[in-house]
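Novice: Have a look at the structure that comes next, please.
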Amino acid sequence: MTTLAACAPDRDEETEAGGEVSEGEEPDKPDSLHVWVNEEDDQIAAVQTIVERYEEETGIEVQLTSMDMFDQVENIALDGPAGSGPDIYFAPHDHTGNLAVQNLAEHNGEYEDRFTEESIQGMTYDGEVYGVPLVSETYGLLYNTELVPEAPTTIDELEAIAEELTDTSQDEFGFLMEHNNMYFAYPFLTGFGGYIFAETDGGYDTSDIGLANEGAIEGVERMQTWSENGWIPPSIDPEIQDGLFTDGNVGVSLTGPWNIPSYSSAIGEENLRSAPLPELPNGEVAPSLIGFKSWILSPFSEEKYWAQDLMIFMTEDENNMEYYRVAGEMPAVTHLLEDPEIADDELMQGFAEQILNGSPMPNVPEMNQVWEPIGDALQFSAQGEDSEEVLEEAVDLIHENIATMGN
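Numbering (the working numbering), first residue to last: -3 to 403.
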């Protein structure tokens, strides 16, 4: 059983919502609980199965409303205070800071160590943990074994594949990635010594930005050579990258597990494999950005105790694996990522391994000011401009934009 301390009930030793453990006492059960679920068919089906188990165990009806999770983040601000919102909603972790600042999420206390350290970090804002993580997600390598029999394990091996297999006259490429997208470029921006915001005991120091330091410049200059050598088109986008891969013209694609269905359908599941990102010259696996999707307790819920009980129930091992099997999204529980069902799955194992080598996407509001300036800088660098200059200009702009937040 999952224990959620402080505000949440232990499903073995019940706890008053927001209070101390009260031996043998629990609030009366409500007739129903209301949950917003992400508007994806597989995810809805998975959650439906799980809540039916909860209904059978507790006798509490669970009403599901499907809604895009980004719409949930917007709508909770209106529907919550109006009394028409859910008891629980579903949100990506990088919205945690905004939700906490606006008092749109109830904090939950501390978690047991069954969840990955990164997921707890991702759900923590200003020293408080918000939500129960259900899903962890990152990117890695998907490769076509007809072109690349063995996954590259180092950046030098990856570049050798690019050199050997790239023939732009035939639209053939050894390796492709969106190197003009900061989300995917993060491994090389930070793997050589850069960082987004300096980490502190309390979270992030958003005044300390390391995206134009010596390490970040080295990483971006390394990516710049990939365009200079003709290995990656300077203005690549997801449509180009995925289209070339599904046409069988790409050996290795830096992407996420969301592309497994389309990739395997196009080239054959028997020809598709996953791998973590390659090792960098320092001998460490290139770090990726990790995202988490979590159940969030609405502060407007009148049934916080049982809502938290349901949140815990939905992330117990059996239910978390049910969600993985049906929805195809990996859990945020350490030992489940190491479970043979995931660890031995040749299409998922690379991503499961990469999650243990990644960093949570910063969940502070200031992160919104980072994406566009750095994305522009990466694009300018890919087109041949001086990497140091464009990164310094981008960081200056980020500082300016952060300074004007809230004004």
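By construction, the Cβ of each residue, glycine as well, lies at the ideal position given by its N, Cα and C atoms.
(1) Between residue 29 and residue 69, is the Cβ-Cβ spacing less than 9 angstroms?
(2) Could you tell me how far apart the beta carbons of residue 119 and residue 92 are, in whole angstroms, since I believe they sit closer than 8 angstroms?
(3) How many angstroms separate the CA atom of residue 111 from the CA atom of residue 361?
(4) Assuming residue 315 and residue 46 are in contact, meaning their beta carbons sit under 8 angstroms apart, how far apart are those beta carbons, in whole angstroms?
(5) In chain order, what residues of the same chain lie with their CB nearer than 6 angstroms to the CB of residue 252, ignoring the 5 residues before and after it?
(6) Assign residue 294 to one of two classes, buried (16 or more other C-beta atoms within 10 Å of its C-beta) or exposed (fewer than that).
(7) For residue 185, which residues from the same chain have a beta carbon less than 6 angstroms from its beta carbon, with the 5 sequence-adjacent residues on both sides left out?
(8) At the level of alpha carbons, what is the spacing between residue 19 and residue 116?
(9) By a C-beta neighbour count over all protein chains shown, 10 Å radius and 16 as the cutoff for buried, is residue 79 buried or exposed?
(10) Is it buried or exposed, residue 401, if we count other Cβ atoms within 10 angstroms and call 16 or more buried?
(11) To the nearest angstrom, report how far apart residue 188 and residue 63 are at their CA atoms.
(12) Suppose the cutoff is 6 angstroms on Cβ atoms and the five residues either side in sequence are ignored; what does the same chain contact list for residue 90 look like?
(13) Residue 158 by DSSP, collapsed to three states: which one?
(14) Can you find the residues in the same chain that come closer than 6 angstroms, C-beta to C-beta, to residue 328, ignoring five residues on each side of it along the sequence?
(15) Reducing DSSP to helix, strand and coil, say where residue 321 ends up.
(16) Can you check whether the CB of residue 269 is closer than 9 angstroms to the CB of residue 147?
(17) Tell me whether residue 17 sits in a helix, a strand or coil according to DSSP, three-state version.
(18) Any idea if residue 174 is buried or exposed, counting beta-carbon neighbours within 10 angstroms, 16 or more meaning buried?
(19) Label residue 74 either buried or exposed according to how many other C-beta atoms from any shown protein chain fall within 10 Å of its C-beta, with 16 as the threshold for buried.
(20) According to DSSP, what are the bridge partners of residue 58?
(21) DSSP beta-bridge partners for residue 269?
(22) According to DSSP, simplified to helix, strand and coil, what is residue 369?
(23) Out of 221, 150 and 98, point me to the one whose CA is closest to residue 279's CA.
(24) If contacts are defined as beta-carbon pairs under 8 angstroms, then residue 250 and residue 180 qualify, I think. What distance do you get, rounded to the angstrom?
(25) Could you pull out every residue in the same chain whose Cβ sits closer than 7 angstroms to the Cβ of residue 274, ignoring the five residues on either side in sequence?
(26) Nearest to residue 228 by CA position, among 375, 40 and 138, is which residue?
(27) Assign residue 1 to one of three DSSP states: helix, strand, or coil.
Specialist: This is what the structure gives:
(1) Taking 9 angstroms as the Cβ cut-off, residue 29 and residue 69 do not qualify as a contacting pair.
(2) Cβ atoms of residue 119 and residue 92 come within 8 angstroms of each other, at about 6 angstroms.
(3) 24 angstroms
(4) Your pair residue 315 and residue 46 checks out as a contact, with CB atoms roughly 5 angstroms apart and the cut at 8 angstroms.
(5) Same-chain partners within the cutoff: 135.
(6) buried
(7) 212 and 215
(8) For residue 19, the predicted model reports a pLDDT of 39, less than 50, meaning its position is unreliable; a value from the coordinates is still stated below. In a straight line, the C-alpha of residue 19 is about 28 angstroms away from that of residue 116.
(9) exposed
(10) exposed
(11) Rounded to the nearest angstrom, the two C-alpha atoms are 40 angstroms apart.
(12) 357 and 359
(13) Three-state result, residue 158: helix.
(14) Result list for residue 328: 111, 112, 115, 129, 132 and 288, in chain order.
(15) helix
(16) yes
(17) Confidence is the limiting factor: at residue 17 the pLDDT is only 27, short of 50, which leaves the residue's position unreliable, though a coordinate-based value still follows. Residue 17: strand per DSSP, three-state reduction.
(18) buried
(19) exposed
(20) 29
(21) Under DSSP, the beta-bridge partners assigned to residue 269 are 139.
(22) helix
(23) 150
(24) 6 angstroms
(25) 148, 149, 150, 151, 153, 154 and 282
(26) For the residues 375, 40 and 138, the minimum Cα distance to residue 228 belongs to 375.
(27) Since pLDDT at residue 1 reaches only 33, below the 50 mark, its modelled position is unreliable, and no value is offered.
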